[in-house]
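Some notes on the structure that comes next.
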């Protein structure tokens, strides 16, 4: 057998095995043969099968189709089928009574045997109960046959498409009355882009009739004092209908039941009513209880409601007390009743429930109004406040809260029960503003929150981060430093502001009560490892040509200052800026010639002031400020550091106190002999004089406390010698430890507290200590606002004397001679805790 014969036999055997005997399976075409061979195979297959017939139909997923979306129909034939004339068959679809057509997309000659048809939903189509495919499908001029030229059969069995909906109505509606109403009728607002008719009922197309479209119909609520569901559908001009939209409305004209289970806590004060509790009220209607209202009355009904105690919404709570902030609205020995009502979501209010009578348990503590910064660094802020008027119920605790100024959330400081009126916040962010507030607790109830104190952490610079440092802004040249503790190491600062600031060591081991001379000039800085005090002399000659200059710590720096100028033009105001900034000087808010200076970091500027009055300083950077009158260009009169303003000051106004403010307001004064005045006025730009009381001059005068509605500053004036002046201090600046750097003519103490001050004086040979002297700070009268006072002049206390108090206080002194000091000048001391 030759090779040709073998190939023929192989082909015949293959053909027989594929077709089989007696009409078995036909040959399946494939792409391994030519097109002609493929067509021949298909024709052979087509001859053995029925005409092209749809054996199954599929439609795109069930959902609601909107304009622009595509409904896809797939007709699955029993064999490979083709369009022979290039026509486009289609499948009719009944959409809301309107026949639309899904047009042929693909499938002719495809071995999948499937034709695909698509219909793009168009505006106006509506079908709320499912579109319907229509049989037969439509040739639309096309010739559809199999490969044996048998025509396709057009009839088929459409699938169930009840869940394939079409909605291009853009139907929406709202109810003017909202979801809860007391009205028997609803005002509907219906919008649709194609509606010509509508159906409104409490069922979806049940219980009502189709009516012409109206965008704003009135619908009577079918079930009063019940929950109703409103259904709305719209139809087009072809009979198509949209799916229903629904909205649930509760109709309620029934008031809640009377509030029951009332009880009181027994904690009322003059500013906060009894905390009253009750059981949750129930509503007689379907809307449910929304909130409660509360009032305070002198009887069990609304006829006795008191001023500031009227009905107010208190939320959906089961316990509440009316807090009138910082203003008293309740009085002692008066019977009060708490009135409570329940209000449902429809606005129906129950009858009044009451509990009482009750009377005040205690008068609340006074609102603290003078919280101030005690000291700050780049990462901490220490705040303080005075003891408030306790109204006969001693303060047993304080609650302090703080937050970053940019944050809405207050943070309560967890410090346990404490009566110390200082709080040191650490781990803060440098040069960031923080808010602080405090309220007092007397064991029964709280006082009102203090006004918010805004304070800023300082920049991260050596002067701030060194625990103990002071700067010579006043410019004293011969100074004396005293150490408050043993083993103190003293250094010059390390910046370019002064020729002395080379970082060198001044003393390697200065013990408690020991002193050392420190030469310096403008802006010299001294740092130490332990507390110290330093001051010195500027100028030489008689009293008016020299000044005792106290150096300044970080506690006295800030961005805003007030001061007054009263004699011996011009006044020189020396400003030192720790970082670069712009400093602006104003008078009563008005511009001052030469009153703006841009100052570099670690540099200073001197403002010359030739007009008497009160002035303001504002700075974009942290600064320290010192001022003195400089008559004839050679005098040094009224030398003093400028301190940040406060609305609570304490000091000695020897013999006349001079006060300034940047904001018009009022103030109260309290002298240590119990004399007081209230509601005195003070205005910006002018200087307010307050005369001292008691024995005048040399700081023997009665101590003075001044509380104002706005920040103020004040200083003594003309105390009888030295042509000097010294500031009153913010109450929060009081400290518990001070020391004399030189021997004193006198020492004066003032405080807002009662306690003792112990003076530890070195012996004349400096080898030991004298017997301690104790000075009592005793309050006269019963008013906690009255300051306390102590004074020493009989004993000329030596340099190195240490003062330690059981409570915070402030100290002033006058040097006895001119050695590293200027005698006859009353001088404010800085201290430590």
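Residue numbers (mature numbering (1 follows the signal peptide of the UniProt record, and there is no 0)): -21 to -1, 1 to 812.
Each residue gets a CB set at the ideal place from its N, CA and C atoms; glycine is no exception.
Check                                                                                                                                                                     : Outcome
Opposite residue 697 in the DSSP bridges: which residues?                                                                                                                 : DSSP lists no partner for residue 697.
Go ahead and label residue 297 buried or exposed: buried means 16 or more other beta carbons lie within 10 angstroms of its beta carbon, across all protein chains shown. : exposed
On the CB-based measure, 16 or more other CB atoms within 10 Å of its CB, does residue 731 come out buried or exposed?                                                    : buried
Ignoring anything shorter than 3 residues, give me the beta strand (DSSP E) runs that lie fully in the stretch 611 to 693, in order along the chain.                      : 616 to 620, 625 to 630, 635 to 640, 644 to 650, 655 to 661, 667 to 670
Kindly indicate the opening and closing residues of the alpha helix (DSSP H) around residue 441.                                                                          : 441 to 444
In this structure, does DSSP put residue 788 in helix, strand or coil?                                                                                                    : strand
One question on the structure: do residue 539 and residue 624 come within less than 8 Å of each other, judged by their Cβ atoms?                                          : yes
To the nearest angstrom, how far is the alpha carbon of residue 344 from that of residue 757?                                                                             : 22 Å
Thinking C-beta only, is residue 327 closer than 8 Å to residue 241?                                                                                                      : no
Please name the residue in 647, 604, 304, 290 whose C-alpha comes closest to that of residue 318.                                                                         : 290
If you reduce the DSSP assignment to three classes, tell me which class residue 83 lands in.                                                                              : strand
Quickly, what does DSSP pair residue 350 with across the bridge? List them, please.                                                                                       : DSSP output for residue 350 lists no bridge partner at all.
Which same chain residues, not among the five before or five after residue 482, have their C-beta less than 8 Å away from its C-beta?                                     : 470, 471, 472, 473
According to DSSP, is residue 758 helix, strand or coil?                                                                                                                  : coil
Indicate whether residue 512 and residue 720 have their beta-carbon atoms separated by less than 8 Å.                                                                     : yes
Indicate the three-state DSSP secondary structure (helix, strand or coil) for residue 608 in the structure shown.                                                         : strand
If you follow the beta strand (DSSP E) that residue 273 is in, where does it begin and where does it stop?                                                                : 268 to 276
Measuring alpha carbon to alpha carbon, tell me which residue in 26, 729, 144, 47 is nearest residue 72.                                                                  : 144
Is it true that the CB of residue 614 sits closer than 8 Å to the CB of residue 754?                                                                                      : no
Which term fits residue 74, buried or exposed, when burial requires 16 or more other beta carbons within 10 angstroms of its beta carbon?                                 : buried
Given that a residue counts as buried once 16 or more other Cβ atoms are within 10 Å of its Cβ, and exposed if not, what is residue 775?                                  : exposed
Does the pairing of the stretch 305 to 321 with the stretch 219 to 227 give three or more beta-carbon distances under 8 Å?                                                : no
So if DSSP puts residue 498 in a beta bridge, which residue, or which two residues, is it bridged to?                                                                     : 457
Taking the alpha carbon of residue 58 as the point to measure from, which residue in 158, 69, 35 has its own alpha carbon closest?                                        : 35
Determine, using beta-carbon pairs with one atom in the stretch 549 to 565 and one in the stretch 573 to 583, whether at least three such pairs fall under 8 Å.           : yes
Ordered along the chain, which non-local residues of its own chain (more than five positions away) have a Cβ less than 6 Å from that of residue 735?                      : 753, 755, 785
Could you tell me the alpha carbon to alpha carbon distance between residue 31 and residue 60, rounded to whole angstroms?                                                : 7 Å
Tell me the rounded alpha-carbon separation between residue 795 and residue 725.                                                                                          : 8 Å
Just to confirm before moving on: does the CB-CB distance between residue 353 and residue 729 stay below 8 Å?                                                             : no
Out of 205, 215, 181, 157, which one is the CA nearest neighbour of residue 172?                                                                                          : 215
Tell me, please, whether the stretch 421 to 431 touches the stretch 440 to 458 by the rule of three or more beta-carbon pairs shorter than 8 Å.                           : no
Which value, in whole angstroms, describes the spacing of the CA atoms of residue 448 and residue 722?                                                                    : 23 Å
Using DSSP's beta-bridge definition, name the partner residues of residue 597.                                                                                            : 539, 563
Going by C-alpha distance, which of 679, 761, 699 is nearest residue 791?                                                                                                 : 679
Use the C-beta contact count for residue 663: other C-beta atoms within 10 angstroms, 16 or more gives buried, fewer gives exposed.                                       : buried
Which ranges would you report for the alpha helix (DSSP H) in the stretch 42 to 100 if only whole runs of at least 4 residues count?                                      : none
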